[in-house]
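Sequence order for the protein chains is A and B.
Here this note's numbering is used: the first residue of the first sequence is 1, the next is one more, and so on.
Here this note's numbering is used: the first residue of the second sequence is 292, the next is one more, and so on.
Beneath this line is the structure, given in structure tokens, with notes to follow.
Number of protein chains: 2
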Amino acid sequence: MTDAQQFISQIREDREHGASELARTCLDALARRAGSIEVTSHEVLRQQLIEFAQELQSARPTMAAITNLIGEWIAAVERLPGGNVSILRDDIKSISRTLILASENAVSSAAAHTAELVGTGKTVITHSLSSTVVAVFGCLVGNVKAIVTESRPPSEGRRLAAKLSELGIETDFISDQQMGLFTKHADVALVGADTIAGDGSVINKAGTYLLALAARDRGIPFYVCFESFKYLDVSPTSVGLEQRDPAEIDLPRLAYVKAHNIYFDVTPPDLVTAWINEHGIRDESSFAAET
Amino acid sequence: MTDAQQFISQIREDREHGASELARTCLDALARRAGSIEVTSHEVLRQQLIEFAQELQSARPTMAAITNLIGEWIAAVERLPGGNVSILRDDIKSISRTLILASENAVSSAAAHTAELVGTGKTVITHSLSSTVVAVFGCLVGNVKAIVTESRPPSEGRRLAAKLSELGIETDFISDQQMGLFTKHADVALVGADTIAGDGSVINKAGTYLLALAARDRGIPFYVCFESFKYLDVSPTSVGLEQRDPAEIDLPRLAYVKAHNIYFDVTPPDLVTAWINEHGIRDESSFAAET
């Protein structure tokens, strides 16, 4: 397996990072590869990097930030003039850095808008681990409490609890099935997203839909915050929901039993109170009107 | 620790059995103790057994079947004539056996009514492990498919999957957070109960409320089946929800993080399509009318 194939496989198998972080990791890998790959001409450099980028794009079908940010990277690389290999390498590295910065800034702005909407003195319940949601908590340190689900498998909620504890945020940690019970102790439900579909549906870690249902039933708002690179103008049913090895659920082999391990679910727009990205806040009606 | 104390502790810590089975296990223990306990008089026999029964009653506050069946046992034992110790022992054993049989028959009848309501050729999604629900599947063998949640902790859904596999029932096994996703593949959601409160609220394994929310959102019925010994004419908020050691959720020690492990949640009556016990089926309106 080549280094490139190994990296693609690592992105495909990653359970540690959210979609925004993975997208920026991919852009960083493209920059590093632009600097190191041995080529004989600028055409070959461009062609090989674009092929690598396209493979990365298809590695995580549920994560629109990867599709979109690498899509923008490919379009920008295609527009670059040819000629000098060394200048082309530098230009491609520069494009990568610019997009990484754009993504980071979008996440920061989305988090700041979300923190303002949540307000101070609130208890926020969240599901899974989103770097954007961590950034929101970062804005609210000293003025917020958290309720965090285990998010099994692979239980990335434990890493979120560790991050919040480092920030000094009082956190209640619960198994996924206690989500309904604890929503009544929360003022706000807040999640990140892997993809926002054209109708505003939220594709995110499985269980997000259950949290949204509980939030509606308990009468608390359900917010989703995301950089706009996560928006895909497609039907939610056309977004492939990645599956993992059912062995993660650890069921003994049984003749008539099939285990499933689908990592994502779809929360329909009627359960979302507000979508917040770097451009600001949209409530239900305005989002529906636009799409 | 005496044998009696050991048994009470075993009932308190049991994670293996549902409320109906545990209630009958308690009645069986009372019968065995009636036969074996060394006493000097019928007064002492009756008094010591009733004290033991009362301790059993308070061991599982969330399980009404234990409260009610042992309550009936105590009332019947108090009505017995005194006199001969040996006859009293036999009468008490007989009361225990009669109540065990009444409970078993109630479960069988409730299961038969439920199977009729579910109908054939359906896919049934359930949460946790209920012996009454297993009895329903038993009535429908050859004409039903199942979707079973892990029900973590302690993941008793694995034992349900094994039971259904033994019955030859095709079963999809999912983590708790996939519950919303898989409800769309089900025709019916069906659960047992630990307690049915006066207003029809269902107190059952945590996560049941989430299944009921998903069932309503997907437009499939949510049924609860139970022997009527599980009915308690009290407000749902007055039923204590048992908690377990948070270590079951396996979180490393973190300064600002508190783990919770509440085993039960409350599903309000407006999410229940029908309540089925040994006397038959009640839909929402008739249940509300009676209470």
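Each residue gets a CB set at the ideal place from its N, CA and C atoms; glycine is no exception.
Contact criterion: CB-CB distance below 8 angstroms. Does residue 173 (chain A) meet it with respect to chain B? yes
Rounded separation between residue 248 (chain A) and residue 128 (chain A) - CA only: 16 angstroms
The segment 299 to 312 of chain B: which residues have C-beta closer than 9 angstroms to a C-beta of chain A, in chain order? none
Locate the beta strand (DSSP E) running through residue 280 (chain A), then write down its first and last residues. 280 to 283
Span separating the alpha-carbon of residue 582 (chain B) from that of residue 503 (chain B): Note on residue 582 (chain B): pLDDT 46, under 50, position unreliable in the model; the coordinate value appears next. For residue 582 (chain B) and residue 503 (chain B), the distance between alpha carbons rounds to 21 angstroms.
If you measure from the beta carbon of residue 425 (chain B) to each beta carbon in chain A, is any gap under 8 angstroms? no
Between the Cα of residue 279 (chain A) and those of A:237, A:256, A:259, A:225, spot the shortest distance and give me the residue it belongs to. A:225
By how many angstroms is the C-alpha of residue 565 (chain B) removed from the C-alpha of residue 380 (chain B)? So the alpha carbons of these two residues sit roughly 41 angstroms apart.
Local conformation of residue 495 (chain B) per DSSP, three classes: strand
Tell me whether the beta-carbon of residue 348 (chain B) lies closer than 8 angstroms to the beta-carbon of residue 361 (chain B). In this structure, residue 348 (chain B) lies near residue 361 (chain B), with their beta-carbon atoms less than 8 angstroms apart.
Taking a cut of 7 angstroms between CB atoms, which residues from the segment 500 to 520 of chain B lie near chain A? With the criterion set as a beta carbon lying under 7 angstroms from some beta carbon of chain A, the members of the segment 500 to 520 of chain B are 500, 501, 504, 505, 508, in sequence order.
Could you list the residues in the segment 442 to 454 of chain B with a C-beta less than 8 angstroms from some C-beta on chain A, going in chain order? 442, 443, 444, 449, 452, 453
Which of the three DSSP states is assigned to residue 621 (chain B) in this structure? Because chain B in this structure spans residues 292 to 582, residue 621 (chain B) falls outside the shown range and cannot be described.
To which residues of the same chain is residue 99 (chain A) closer than 7 angstroms at the C-beta, ignoring the five residues directly before and after it? 27, 69, 72, 73
With DSSP collapsed to three states, give me the class of residue 555 (chain B). strand
CA-CA distance, residue 106 (chain A) and residue 467 (chain B)? 33 angstroms
From the beta carbon of residue 472 (chain B), is the nearest beta carbon of chain A less than 8 angstroms away? yes
Which residues does DSSP list as the beta-bridge partners of residue 463 (chain B)? Residue 463 (chain B) is bridged to A:258, B:438.
Anyone know if the C-beta pair for residue 478 (chain B) and residue 413 (chain B) falls short of 8 angstroms? yes
Using beta-carbon positions only, say whether residue 7 (chain A) and residue 34 (chain A) come within less than 8 angstroms of one another. no
Terminal residues of the alpha helix (DSSP H) in which residue 375 (chain B) lies: No alpha helix (DSSP H) holds residue 375 (chain B); DSSP gives it neither H nor E.
Going along chain A, which residues have a C-beta under 8 angstroms from residue 297 (chain B)? Contact of residue 297 (chain B) with chain A by beta-carbon distance below 8 angstroms is absent, the smallest such distance being about 29 angstroms.
How would you call residue 87 (chain A), buried or exposed, if buried means at least 16 neighbouring beta carbons within 10 angstroms? exposed
C-beta atoms of residue 416 (chain B) and residue 474 (chain B) nearer than 8 angstroms: yes
Chain B beta carbons: is any one of them nearer than 8 angstroms to that of residue 282 (chain A)? For residue 282 (chain A), the answer is no, since every Cβ of chain B falls outside 8 angstroms of its Cβ.
Contact set for residue 152 (chain A): own chain, Cβ-Cβ below 8 angstroms, skip 5 residues either direction: 175, 176
Please report the straight-line C-alpha distance between residue 371 (chain B) and residue 355 (chain B), rounded to a whole angstrom. 24 angstroms
Chain-order list of residues whose beta-carbon lies under 7 angstroms from that of residue 95 (chain A) (same chain, five-residue window excluded): 73, 76, 77
Anyone know if the C-beta pair for residue 197 (chain A) and residue 232 (chain A) falls short of 8 angstroms? yes
Kindly indicate if chain A contains any beta-carbon less than 8 angstroms away from that of residue 485 (chain B). no
Exposed or buried, which one is residue 150 (chain A) when buried takes at least 16 other CB atoms within 10 Å? buried
Measuring CA to CA, which of B:464, B:491, B:499, B:469 is closest to residue 481 (chain B)? B:499
For residue 269 (chain A), count neighbouring C-beta atoms within 10 Å of its own C-beta (all shown protein chains included) and say buried if the count is 16 or more, exposed if not. buried
What does DSSP give as the partner residues of residue 534 (chain B) in its beta bridges? B:553
Checking 8 angstroms against the spacing of the C-beta atoms, do residue 192 (chain A) and residue 237 (chain A) come in under that value? no
Could you say which of A:210, A:157, A:109 lies nearest to residue 138 (chain A) if we only look at CA atoms? A:109
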